[in-house]
Every structure is written in C-alpha cells, then in structure tokens.
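Just so it is clear: in the sequence shown, position 337 is 337 by UniProt numbering, and no numbers are missing. Idealized CB from N, CA, C, for every residue including glycine. Just so we're clear, the structure is a prediction, and the values are computed from it rather than from any experiment.
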Amino acid sequence: MMIWYIVQGEKANVVVIRKVANTIRDSVFLKIQWAIRKFGMLKMFDIKVTPFRITHIATGSTFYFYGQDDFQKLKSNDINDIIAVWYEEAAEFDSAEEFDQTNITFMRQKHPLADKVYFFWSYNPPRNPYSWINEWVETLRDNPNYLIDSSSYLDDELGFIDDQILDEINRIKENDKDYYRYLYLGEAVGLGTNVYNMELFHKLDVLPENDYVASLCFSADTGHAVSATCVQALGLLSKRSPNGKPRVVLLDNYYYSPDGKAHKKSPSELSKEIKQFIDDIENKYHIRARKFIMDSAEAALRNQMDNDFGVKWTPVKKLKKANMIEYVQSLLAEGRFYYLNTQNNVGMFIPQHEQYQWDEKTVESDDPHVIKVFDHECDPLQYYVITEKRALGLQY
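Laid out in structure tokens, this is it:
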C-alpha cells in the first residue's frame, strides 16, 4: 500500500500496534524490515529504535509502532496522512473495545488521497471457540465492510516452509493431534476437560550418560500457612531436541503442605528448608542456579530468603491462566519436557498434573478457569515456562 504513495512522491503513514509495547522490537519491527527487504528497498529507509520508527528517506512515509498498554501516548499522537493500521497478535487484546478506542482517532487522520483508512487484524485463533476474538470475528463474517481470510502452512506456495519446519509440524501432529489442529491449522478445537496430555510428560530414571544440566532455575508457588509450598528445580539439558530447541527436565521438587498439621511452618522455617533443597540440587548437578522465580503475590517468603541468604526471587509476570497453560502445552507438544523419577516428582508433580482440569462451568466462556484443588505443582511449571519462554524457544 505504501509503495503506491511513495511512487507518487506522497508521504503516507502506517500505524502498527501490539498489545504490549515491549514485544515490538522482536516481532512487528523486524517483520516490517523483512518485508521491505523483500522488495529490495531497505536502503531507502531510515530505521530507529527510540522510538520505533521506519521512515522512507525521500518522502518521510513512516511506519509507527505502538503498544496499546500506553493508550494515552497512542491516542495523543498526531500522525496524519494515515493509510493503514495493523493490529498484530490481535487475540492478545482484552476485547474489541480496545480497537474501538483508537480506530476513530486514526480515521480522523486519513491521508487526503486515500478513500479510507484500512484496518488489519492478524492473529492465531485461540483454542477456545468462546474466546472473545473468535466470537467477534463471527459477528463480522457477513459484514460487507470486512474481509475475513485464513491460512495455514498448507497454503504455502512460495517455499517459506522448509523440510526442517515440516518435520517439526509432523512430529507435533503425531504427539498431539488436537494441538496440531489448533496451532498449525488455526482451528478452535476447544479445551476439553483435562488440561494436559500426560503422554507428553517423559520420565527419566537418570540423566543420559552423555548429557548434563547446562542451565538451572528454581520456580516456586508458595502458601505456607494456608496452602502448599512447592519449589521446582528445572534444568536445560546440554543436548538439544531434534529441532535444535532446548529440552527441559524437572530434576526434583520441594513440597510442603500445612494440611492437617497443628504446627504450620513459618516463612523462616521454610526459608531454611528451601535453601537446603537449592544447595542439594546445585551440589548434585555441579551448577549454580541462574534464576529464582516465584509467585508475584508472595512477599513474605521472598523477603525472608533475601534476608536470610541473599537469595533474590524474581516475581513472575502472570498472564491469564489459559495463556500460561498454552505455553506449557506448546513445550509438551514439541516433546521437550522430561522429569526424573524422584519421590516428589512421581508422587506429587505427576498426579497433580493428571488431575489438573478445567472448570466445566467456565469452559464455554472467554476466560476459562481451572479447578483450584490439588494443583500446587502446576503453577511453578507455568511460571517457569512463561518467564523463560525466550530461552526455551517458544513463540512470544
């Protein structure tokens, strides 16, 4: 679209929006550069990161990048000469109302030669058919002002999908057919009742002789006085998966439940026991942990361990429960999760994941919930995966 205006010597602007601004650099900012490079025009543009701008040098035509999380900044910018707005990963937004808040602003700044400002929404359909964006798109399907198009890797005619990618897709297809249909065909397959396919949790009696723990993190969900405290030791193995991505192994976990106990352990008591668990794991595998991750709602134990031992836990930046689970499901479907045959792994971690279920009353809603019973082992794994998603090679 912009090229036509550039050829005419006109300045034309495009606005690109993500839900959260800190995702711009590694996603849409690079995608636009990739597209310009495909046209052999990259040298004609000036690229800046503070703020994110890609500007055609001769005409001043610019791609502007914003996060919806800074709405006031987004709304107050007078860009003018706008020809298009692109909402990338539109499913990450909370509702269609977020689009409505900004669309009128951009329409008012339409380029004088444009018949209208064109709006584009791109996204991977959520697994849940009742997700707001799936339902919103259905309401627009018969609207003549909207074009709804869908595609998958099966539509690739230009050779973007190489043999390595096809091998990975086919492996996921064999491991988890529903996840394949959702992830690669874009089908809203539904949630079912059980959250995880337990066949994708691979048990190891010992680490392979030719492998070792190359990176170590601890992830915790705490409750001490009212519910269980769980700390998981999660490592990355030195040998990668066939697709070149890191493999995760649950080495062991510390588990304490105050259920039925007259004396419930205090943060100071838990601090000492967890530190001993950390020391034991680090000594056994000859590696120091590079990160400690904890439920952001917990401050008492986090502060206690900092005061006692200088162990600094990183509060997790939580997502909606369904989104956190989706990252774990992705790791599992790629066949990259293992657990060692230890007492707590087999006796606590696996049974709690086997019993982890969606609340049937909320499945047919935009915000499904899990049943919060016997689930303390499930949260630390989710915290670890969403915090380390880049290191794990997961899409973000």
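Checklist entry - Counting along the chain, where does the alpha helix (DSSP H) carrying residue 297 start and finish? => result Along the sequence shown, read from residue 1 onward, the residue named residue 297 stands at position 297. Annotation: residue 297 is outside any alpha helix (DSSP H) and is labelled neither H nor E by DSSP.
Checklist entry - Taking all protein chains shown into account, do 16 or more other C-beta atoms lie within 10 angstroms of the C-beta of residue 89, making it buried, or fewer, making it exposed? => result As a first step, residue 89 is located in the sequence shown; it is residue number 89 there, counting from the start. Residue 89 comes out buried.
Next on the checklist: By alpha-carbon positions, which one of 93, 48 and 82 ends up nearest to residue 323?
Outcome noted: Residue numbering aside, residue 323 sits at position 323 when the sequence shown is read from its first letter. Minimum Cα distance to residue 323 is reached at 93.
Item to check | Residue from 64, 58 and 150 with nearest C-alpha to residue 14 | outcome: Residue mapping note: residue 14 aligns to position 14 of the sequence shown, counting from 1. Here the closest residue by C-alpha is 64.
Next on the checklist: I'd like to know whether the C-beta atoms of residue 383 and residue 249 end up nearer to each other than 7 Å.
Outcome noted: On the sequence shown, position 383 is the one that residue 383 refers to. On the sequence shown, position 249 is the one that residue 249 refers to. No, the Cβ-Cβ distance between residue 383 and residue 249 is not below 7 Å.
Item to check | Beta-bridge partners of residue 375, as assigned by DSSP | outcome: Working through the sequence shown from its first residue, we reach residue 375 at position 375. Bridge partners of residue 375 according to DSSP: none are assigned.
Checklist entry - Apart from the five residues just before and just after residue 312, which ones in its own chain have a Cβ nearer than 6 Å to its Cβ? => result By 1-based counting over the sequence shown, the position of residue 312 is 312. 306.
Checklist entry - For residue 174, which three-state DSSP category applies? => result Taking the sequence shown and counting its residues from 1, the one referred to as residue 174 is at position 174. DSSP places residue 174 in the helix class (H, G or I) of the three-state scheme.
Next on the checklist: My assumption, with CB atoms under 8 Å, is that residue 257 sits in contact with residue 228. Please give the rounded CB distance.
Outcome noted: The sequence position of residue 257 within the sequence shown is 257, counting from 1. The sequence position of residue 228 within the sequence shown is 228, counting from 1. At roughly 4 Å, the Cβ-Cβ gap stays under 8 Å, so residue 257 and residue 228 are in contact.
Item to check | For residue 58, the nearest candidate out of 247, 261 and 11 (CA to CA) | outcome: Your numbering for residue 58 matches position 58 in the sequence shown. By alpha-carbon distance to residue 58, the top candidate from 247, 261 and 11 is 11.
Item to check | Inter-residue Cα distance where the pair is residue 85 and residue 43 | outcome: In the sequence shown, counting from the first residue as 1, residue 85 sits at position 85. In the sequence shown, counting from the first residue as 1, residue 43 sits at position 43. Approximately 24 Å between the Cα atoms of the pair.
Item to check | Pair within 7 Å by beta-carbon distance, residue 54 and residue 45 | outcome: As a working note, residue 54 is residue 54 in the sequence shown. As a working note, residue 45 is residue 45 in the sequence shown. Residue 45 is positioned such that its CB atom lies closer than 7 Å to that of residue 54.
Next on the checklist: In the DSSP output, what is residue 17 paired with across the bridge?
Outcome noted: The count along the sequence shown starts at 1 and reaches residue 17 at position 17. 66 and 87.
Checklist entry - Can at least three beta-carbon pairs, one atom from the stretch 355-373 and one from the stretch 285-304, be found at a separation below 8 Å? => result Judged by Cβ distances under 8 Å, the stretch 355-373 makes no contact with the stretch 285-304, as fewer than three pairs qualify.
Checklist entry - When the Cα of residue 332 is compared with those of 171, 5 and 150, which residue comes out closest? => result In the sequence shown, residue 332 corresponds to position 332, counting from 1. Check the Cα spacing between residue 332 and each of 171, 5 and 150: the tightest is with 171.
Next on the checklist: Can you look up residue 56 in the DSSP assignment and give me helix, strand or coil?
Outcome noted: Taking the first residue of the sequence shown as position 1, residue 56 is located at position 56. Note: residue 56 maps to strand in three-state DSSP.
Checklist entry - Between 221, 235 and 204, which lies nearest to residue 215 when the distance is taken from Cα to Cα? => result Counted from its first residue, the sequence shown places residue 215 at position 215. Sorting 221, 235 and 204 by C-alpha distance to the C-alpha of residue 215 places 235 at the top.
Checklist entry - Comparing the CB of residue 157 with every heavy atom of the ligand NAP, is any distance shorter than 6 Å? => result Absent from the structure shown: the ligand NAP. Ligands present: none.
Next on the checklist: Let me check understanding here. Comparing Cα to Cα, which of 174, 112, 288 and 100 lies closest to residue 82?
Outcome noted: As a first step, residue 82 must be located in the sequence shown, where it is residue number 82. 112 is the residue among 174, 112, 288 and 100 whose C-alpha sits nearest the C-alpha of residue 82.
Checklist entry - Between the C-alpha atoms of residue 375 and residue 193, what's the straight-line distance to the nearest angstrom? => result To locate residue 375, count along the sequence shown from 1; it is residue 375. To locate residue 193, count along the sequence shown from 1; it is residue 193. The straight-line gap from Cα to Cα measures roughly 15 Å.
Item to check | When 394, 35, 2 and 342 are compared against residue 206, the one with the closest alpha-carbon | outcome: For the purposes of this step, residue 206 is taken as residue 206 along the sequence shown, with counting starting at 1. With distances taken between Cα atoms, residue 206 lies closest to 342.
Item to check | DSSP-derived helix/strand/coil call for residue 314 | outcome: Taking the first residue of the sequence shown as position 1, residue 314 is located at position 314. Here residue 314 carries a strand assignment [DSSP, helix/strand/coil].
Checklist entry - Between which two residues does the alpha helix (DSSP H) containing residue 353 stretch? => result In the sequence shown, the residue the question calls residue 353 occupies position 353. Element bounds for residue 353: 350-354.
Next on the checklist: I need the boundaries of the alpha helix (DSSP H) containing residue 38, first residue and last residue.
Outcome noted: By one-based count along the sequence shown, residue 38 stands at place 38. Annotation for residue 38: the continuous alpha helix (DSSP H) segment containing it runs 28-38.
Checklist entry - Measuring CB to CB, does residue 255 end up less than 7 Å from residue 344? => result Translated into the one-based positions of the sequence shown, residue 255 becomes position 255. Translated into the one-based positions of the sequence shown, residue 344 becomes position 344. Yes, they are a contact pair.
Item to check | Distance, residue 142 Cα to residue 157 Cα | outcome: Position 157 of the sequence shown, counted from the first residue, corresponds to residue 157. Position 142 of the sequence shown, counted from the first residue, corresponds to residue 142. Cα-Cα distance, rounded: 28 Å.
Checklist entry - Going by beta carbon distance, what residues of the same chain come within less than 8 Å of residue 239, once the five residues before and after it are set aside? => result Residue 239 sits at position 239 when you count from the first residue of the sequence shown. Closer than 8 Å at the Cβ level, and outside the excluded window around residue 239, lie 208, 210, 211 and 247.
Checklist entry - Buried or exposed: residue 220, going by 16 or more other Cβ atoms within 10 Å of its Cβ? => result By 1-based counting over the sequence shown, the position of residue 220 is 220. Flag for residue 220 reads buried.
Checklist entry - Where do the ends of the alpha helix (DSSP H) carrying residue 281 lie? => result The residue given as residue 281 occupies position 281 in the sequence shown. For residue 281, the enclosing alpha helix (DSSP H) stretches over residues 267-285.
Checklist entry - Ends of the alpha helix (DSSP H) at residue 7? => result For the purposes of this step, residue 7 is taken as the residue at position 7 of the sequence shown. Here the alpha helix (DSSP H) through residue 7 covers 2-7.
Item to check | Opening and closing residue of the beta strand (DSSP E) in which residue 214 lies | outcome: What you label residue 214 is simply residue 214 of the sequence shown in a count that begins at 1. 213-221 is the span of the beta strand (DSSP E), which, as asked, contains residue 214.
Checklist entry - Can you give the beta carbon distance from residue 328 to residue 381, rounded, assuming they're within the 8 Å contact cut? => result Here residue 328 corresponds to residue number 328 of the sequence shown, with the count starting at 1. Here residue 381 corresponds to residue number 381 of the sequence shown, with the count starting at 1. With 8 Å as the limit, residue 328 and residue 381 qualify as a contact, their Cβ atoms being about 6 Å apart.
Next on the checklist: The alpha helix (DSSP H) that contains residue 248, what's its start and end?
Outcome noted: Position 248 of the sequence shown, counting from 1, holds the residue named residue 248. Here residue 248 belongs to no alpha helix (DSSP H); instead the beta strand (DSSP E) covers 248-256.
Item to check | Distance CB(residue 125)-CB(residue 186) smaller than 7 Å | outcome: For the purposes of this step, residue 125 is taken as the residue at position 125 of the sequence shown. For the purposes of this step, residue 186 is taken as the residue at position 186 of the sequence shown. Taking the C-beta atoms as reference points, residue 186 is found nearer than 7 Å to residue 125.
Checklist entry - Run through DSSP, which three-state label would residue 122 get? => result The residue given as residue 122 occupies position 122 in the sequence shown. Note: residue 122 maps to strand in three-state DSSP.
Item to check | Bridge-paired residues (DSSP) for residue 47 | outcome: For the purposes of this step, residue 47 is taken as residue 47 along the sequence shown, with counting starting at 1. Answer is 54, bridged to residue 47.
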